[in-house]
Structures are given as structure tokens and as C-alpha cells.
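Engineer: Heads up, the sequence shown is in our numbering, so the first residue is 57 and it goes up one at a time.
Glycine included, every Cβ here is placed at the ideal spot set by N, Cα and C.
Predicted model only: the values in this text are computed from it and were never measured.
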Amino acid sequence: MAQATKTTGAEQIRWDLTDLFRSPTDPAIEETLAEALKRAEAFEARYRGKVVLLPPKEFAAMMRELEEDEELAAKPDVYAYLLHSQNTEDPAAGRLLARVREAGAERASHGVFFTLELAHISDDQAASLYADPESALYRHTVEEARKFRPHQLSEPEERVLTDFSPVGNSAWNRLFEELCARIRVDLDGRRVPLDEALVRLREADRKVRRDASAAITAALDQDVRTRGYIFNVILGEKAIDDRLRHFPTWISSRNLANETSDEAVRALIEAVTGRYDVCVRYYRVKKKLLGVGDLHEWDRYAPIGDVARDLSWDEAKELVLSSYRRFSKRAADLVEDFFKHGWIDAPVAPGKAGGAYCMPVTPRHHPYVMLNFTGKLRDALVMAHELGHGLHDRLASKQHIFDFHPPLTLAETASVFGEALTFDRIMAEEKDPKIRLAMLCTQVEDAFSTVFRQVAFNRYEDACHTRRRQEGELGVEQLGEIFQEKLQPMFGDALILTDEHKVWWSYVGHFLHTPGYVYAYAFGNLLALSVYHRYLEVGPTFVDDYLDFLAAGGSTRPDELVRRLGMDITDPGFWDAGLKILEGMVTEVERLAPAT
57 MAQATKTTGA EQIRWDLTDL FRSPTDPAIE ETLAEALKRA EAFEARYRGK VVLLPPKEFA
117 AMMRELEEDE ELAAKPDVYA YLLHSQNTED PAAGRLLARV REAGAERASH GVFFTLELAH
177 ISDDQAASLY ADPESALYRH TVEEARKFRP HQLSEPEERV LTDFSPVGNS AWNRLFEELC
237 ARIRVDLDGR RVPLDEALVR LREADRKVRR DASAAITAAL DQDVRTRGYI FNVILGEKAI
297 DDRLRHFPTW ISSRNLANET SDEAVRALIE AVTGRYDVCV RYYRVKKKLL GVGDLHEWDR
357 YAPIGDVARD LSWDEAKELV LSSYRRFSKR AADLVEDFFK HGWIDAPVAP GKAGGAYCMP
417 VTPRHHPYVM LNFTGKLRDA LVMAHELGHG LHDRLASKQH IFDFHPPLTL AETASVFGEA
477 LTFDRIMAEE KDPKIRLAML CTQVEDAFST VFRQVAFNRY EDACHTRRRQ EGELGVEQLG
537 EIFQEKLQPM FGDALILTDE HKVWWSYVGH FLHTPGYVYA YAFGNLLALS VYHRYLEVGP
597 TFVDDYLDFL AAGGSTRPDE LVRRLGMDIT DPGFWDAGLK ILEGMVTEVE RLAPAT
């Protein structure tokens, strides 16, 4: 079995899930599932047909009851997901995940009536609810539910879809995740996980990068037709759902859930694609710095100069904590709890899901962070990023469960902000101009990955969803051609994607599990850059406003919440301001480049 290439100190950093359940066979799991179902049945019997009629005090009591039910039901679902992420090849973890999802669907079928009735609250009843201080706590929840009224089906139809959900979209996504987790890349006579192989693309030796890229392509080719079929099923299911619910475009449902408009998202996409020249400028400079002819996909993340820094787990931990502490002791203390209490799973391991994430549970329960720590400086920035999510969740824990999660458009703010704090700490302590240039290049490339690349991914999704609806099933060759067609423009003639790159769409899970998700990275990154720039302008007095911003969770519309920080995301020039920050970083690279 594959092992990490070197010892990092993260090998024993595994999360402790016993505050959820003792083990996968803990009887409390089945007891909790049974109790959650019992409560859902009782809730339905008590409130069916009455939601639109309840006076404010009774409405507030109903919502408090539902809060308790949701708190209980969340734990088995999160536990099963975390356990499965830790080892997607463990059959017992897979069985538990399937069992929990099936139980969740059965429970959810008893809540279909509530979602429908909540959306049908009249203007008059809404006004009376908002006028009472107890029921007004749920104003945002009611407002968001009412927005979906035109897109709801009848209750019997909604129940059928809910009942089928465990063997529909979520089942296909689980298969995709397991296929990706089983990918092994042949490198140096060893078969290593995909995440470990991807790290090689950041090596200084171009031959190492080239060989890794070819090996990754060969590994992705193995099951690409199966993954392509799964993607087609997801595309087809989304088309049916959008048609039944009368959404005008494939992304309209995601925009509505993100509490933004099709027009606002279109403005973001146009602003970013209109500044691909910033990306092209950077890679032209990088070509000169690397001293090579044509750049290709294996050169995107090549380090500038032989200045790569390795970090142990303890060094990365201290770097991140000290960066947060310089900003706010309160923020740092909340972040430090993740290390103290076993809320992080860090090492690269066979069967472990790739990438990194922060998983919230409920307002009353702490979140968990998953990493794949390989001992690179970039891993410290990933750590800071995910712990930013964790900080956001912990600060938002004062909200009730329905206002706990921020929409995706705000979900990246704290993570990118935390990453920026850590990067600036690194740069402040580094005096060597060559190392500073190398680090700045790394940060520029990471920013490009979350702005330009994610918008290019959005353009890919847009083309796939549109063509799937017009032409029917798309072959893997078509999926690859579209991928090249939509990603090449961000590089212009400065970096040429080869035919080998055509298969690299096939491990991007966001395309499947959350269609339309990816533009939120660009939204969040540009917003976070603007927020961070605001902090640098205002100074320490900004800290409390920022922490209050995070503490609001999902209780307020994004445009209103951002306005409290003195910015207006409805202004067409807002995105240009964020893009100019990126352009300024590229200008700084150009300024430093001749000194190397």
C-alpha cells in the first residue's frame, strides 16, 4: 500500500470522533436514527396543514422544536461521512454511510410538508411573524423558503424524489468519490494516491513534474469512461430537476440557494473572464523566470528557484496559530482548540479522500477539519484556509441551526482571509528577495486557482450542462475537448495545455456533488481579498467588525452583510476592485523578476 513520501509529524494526527459516536457499531447510532425518525413523524402529525396558520408564539415554538430535531439528526450523518472520508475503501464505513443516508431520506420525507408550507406563508402572516420578537428570529429562514415557492412540486412528488434520493444523485456521487479514492499513480516504482502524485507538480525538477503529469494522466485514463458515465447521469438528473421545477438555467437553483441573482453571477463571470490578461501576463513572466520554451500544464505550479521550504506538522501548526494570534487572540484561541481536542485528521493515508475540507456539524457541536498534510509550505496555507472555515463555524455557533451556515458566496471569506494572514506572516519574516519572489508567485498561482481557474471551471460546467440538454449523453472525448476549450483561454499563448490534460476534469468532485458550486470560490476569493485589503487600510479597529461579520453566519443576505464592512457587492465595479488586487500582485512579480 502507498505511504507518504516522508515523515512529517502528521502521521498520528487523527481526529477523535468519539464525541459523536464511540465506533461504527455503537448502538447509539441506530438509537439516534430511530429517535430522529420518531420525532419527524410526531412533528408531521402535529403541524401538517398548520404552518401557514400559526400565530407568532406558536410558530416560534414549532421552530425551536425543529431546531432540537435537526441537532439530533445531524450527528449520525456527519459521523458516517467523516468515517468514510477517513477510509473510502473500508466496506463497513461504506455500509454505515449508505444506512445513514437511507434513514435520512426516510426522515426527510416527513419534513416535505414543512418546506412546502413554509414557502406558502402569505405576506400578511409573514408581516405578523416579523413583528414578534420570538418569531422574528426566523425571519431569514422564512424569507429564503418563500423564494423557492415557484420551484416547488406537489407534496407527493416531493416525497417521491426524497425517497429516491439515496439511490440517485448521492449514490452516484459516492461511487465517484470511491473511484477517485482508489486511483493509484505509478511513480518511481510505487503506486501512490492521487493527492500524493499531484504534489509532484510543484517540484523544482521539470522532468519530475513532466513524469508525474504523464503518470497522473495514465492513472486518470483507467476508469475515465465510468467517471464520464457518472457525470452524464448527474447532468441528466439536473436537467430533469430543473425542468420540473421551472428553473430558467442550469445554474439558477444554485444562485437562488447562494442568495444571489443570475445577473449578479453573470457580472462576476464576465468581470473575471474579461481579465484573463492578468493571468496571461503572469505566465509570460514565469516562462522567463523558468528559462524554458513553451510552458505546459506540468509547469503551472513549478516553483521559482530552488527555494522550496518543507515544514513539519509542528512548524506548520505554530506558523498558522501565530498568524491568527497576531490578528486576534480570540480568533487564535478558537482555532487552537482544533489542535487541542482532536478535531483534525491530517496524514495522507491509503483510501483516504483527497483534498481538504472543514465539516460543520451543528451550532452546538464543533466542526472537524480534514487535511492531506505532505510537509510542504503550501500545506500550512491549506491548514490556515480550512481552519478559517472552522473559525467561521465556531463564531456562527450563536445562530440557530437554520441561520448557522453561510451561503456558498460567503463561505470562502474566512478561509481565504486566514490564508492571507499566514502568507503575510511568512512574507514579513522573509528578507531574501529570491525567496520573496518565489513565495509571491506561489500565492499568485493559488489565487489564480480560486479565481480564474474556478471561473474557467464554471465555463466548463456551463458548456457541459448546456450541451447535455441539447445533444444528449456526452462522450469522454467530448468532455475532454470541452475542458480544453474552456481552460485554455485563461492562459492565452503563455501556457499550452497538451492533449494529456483533456482527462483532468475527471477527478473534480464539485462538478458532480454540487453543480454550479465553483464560481463561489471566485466570488469568495475576490470578496476576501477586498475584505483583507480593507483590514490593512483600517487596522485593528476592523477586527471586531470582521469577527461580527463571521458570527452572523447565514442570518443575513450577503449584500447586506458585506455592506456592514463598508463595501457594496451590488456595485458593478466591486469585482474590478478585487481583480485589481490580483493585478497588483502580478505587477509586483514583474517588478521583482529582473532582480533574480
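To the nearest angstrom, how far is the alpha carbon of Ser384 from that of Thr218?
Structural biologist: 44 Å
Engineer: Taking the Cβ atom as the reference point for each residue, do Glu100 and His166 lie within a distance shorter than 7 Å?
Structural biologist: yes
Engineer: Do you know offhand how far Ser505's Cα is from Ala154's?
Structural biologist: Rounded to whole angstroms, the gap between the alpha carbons of Ser505 and Ala154 is 33 Å.
Engineer: Can you tell me the Cα-Cα spacing of Thr63 and Gly528, whole angstroms?
Structural biologist: 49 Å
Engineer: If I'm right that Asn581 touches Glu442 with Cβ under 8 Å, what's the distance once you round it to whole angstroms?
Structural biologist: 15 Å between Cβ atoms; not a contact.
Engineer: Determine which residues share a DSSP beta bridge with Val241 and list them.
Structural biologist: Val248
Engineer: Cβ atoms of Arg240 and Arg246: under 7 Å apart, would you say?
Structural biologist: No, the Cβ-Cβ distance between Arg246 and Arg240 is not below 7 Å.
Engineer: For the ligand SAH, is there any heavy atom lying closer than 6 Å to the beta carbon of Asp350?
Structural biologist: For the ligand SAH, the structure offers nothing, since it holds no ligand at all.
Engineer: According to the Cβ coordinates, are Val107 and Glu173 closer than 7 Å?
Structural biologist: In this structure, Val107 sits near Glu173, with a CB-CB distance shorter than 7 Å.
Engineer: How would you call Ala436, buried or exposed, if buried means at least 16 neighbouring beta carbons within 10 angstroms?
Structural biologist: Under this definition Ala436 is a buried residue.
Engineer: In the DSSP output, which residue or residues are listed as bridge partners for Val403?
Structural biologist: Strictly speaking, residue 403 in this sequence is Pro, with Val absent from that position. BP columns for Pro403 point to Phe429.
Engineer: Give me the Cβ distance between Gly610 and Pro489, rounded to the nearest whole Å; I'm assuming they're in contact under 8 Å.
Structural biologist: Contact doesn't hold; Cβ gap of about 43 Å is too wide.
Engineer: Helix, strand or coil for Met415? Go by DSSP, reduced to three states.
Structural biologist: Of the three classes helix, strand and coil, the one that applies to Met415 here is strand, per DSSP.
Engineer: Can you give the Cα-Cα distance for Ile69 and Thr430, rounded to whole angstroms?
Structural biologist: 13 Å
Engineer: Between the beta-carbon of Tyr357 and the beta-carbon of Phe547, is there less than 7 Å?
Structural biologist: no
Engineer: Closer than 7 Å by C-beta to Tyr591: which residues in its own chain qualify, once you throw out the five before and the five after it? Chain order, please.
Structural biologist: Phe598 and Tyr602
Engineer: Assuming Thr478 and Arg434 are in contact, meaning their beta carbons sit under 8 Å apart, how far apart are those beta carbons, in whole angstroms?
Structural biologist: Actually they are not in contact, since the Cβ atoms of Thr478 and Arg434 sit about 11 Å apart, beyond 8 Å.
Engineer: Hey, Ala372 and Met439 are a contact pair by Cβ (cut 8 Å); roughly how many whole angstroms apart?
Structural biologist: 6 Å
Engineer: Are the Cβ atoms of Gly444 and Val425 separated by less than 7 Å?
Structural biologist: no
Engineer: By the three-class DSSP mapping on this structure, what secondary structure does Ile625 have?
Structural biologist: coil
Engineer: Is Pro628 near Lys294, with beta carbons less than 7 Å apart?
Structural biologist: no
Engineer: State the Cα-Cα distance for the pair Pro359 and Arg266, rounded to the nearest angstrom.
Structural biologist: 14 Å
Engineer: Tell me whether His196 sits in a helix, a strand or coil according to DSSP, three-state version.
Structural biologist: helix
Engineer: How big is the Cα-Cα spacing for Pro147 and Leu390?
Structural biologist: 35 Å
Engineer: Using DSSP with H/G/I as helix, E/B as strand and the rest coil, what is Asp366?
Structural biologist: strand
Engineer: Can you tell me whether Ala60 is buried or exposed, with buried defined as 16 or more other CB within 10 angstroms of its CB?
Structural biologist: Here the model assigns Ala60 a pLDDT of 46, short of 50, so the residue's position is not dependable and the matter cannot be decided.
Engineer: Compute the distance between the beta-carbons of Ala470 and His456, then report whether it is under 7 Å.
Structural biologist: Pairing Ala470 with His456 gives a Cβ-Cβ distance that is not under 7 Å.
Engineer: Considering only residues of the region 258 to 307, which uninterrupted alpha helix (DSSP H) runs meet the minimum length of 4 residues and lie entirely inside it, listed in chain order?
Structural biologist: Entirely contained in the region 258 to 307, the alpha helix (DSSP H) runs reaching 4 residues are, in chain order, 262 to 277 and 280 to 301.
Engineer: Who are the Cβ neighbours of Val472 in its own chain at under 6 Å, not counting the five residues just before and after it?
Structural biologist: Asn581 and Ala584
Engineer: State the DSSP-derived secondary structure class of His566, mapped to helix, strand or coil.
Structural biologist: helix
Engineer: Output the distance between the C-alpha atoms of Arg492 and Glu486, rounded to the nearest integer angstrom.
Structural biologist: 6 Å
Engineer: Roughly how many angstroms lie between the CA atoms of His207 and Val168, to the nearest whole one?
Structural biologist: 14 Å
Engineer: Taking 7 Å as the limit between beta carbons, can you name the residues of its chain near Phe115, skipping five residues before and five after?
Structural biologist: Leu185 and Ser191
Engineer: Report the three-state DSSP secondary structure of Ile538 (helix, strand or coil).
Structural biologist: helix
Engineer: Go through its chain and collect everything with a Cβ distance to Val417's Cβ below 8 Å, but skip five positions before and after it.
Structural biologist: For Val417, the CB contacts under 8 Å within the same chain, skipping 5 residues up- and downstream, are Leu76, Ala130, Lys131, Val134, Pro423 and Tyr424 in chain order.
Engineer: For a minimum of 4 consecutive residues, which ranges assigned as the alpha helix (DSSP H) are wholly contained in the region 577 to 634?
Structural biologist: 598 to 607 and 614 to 619
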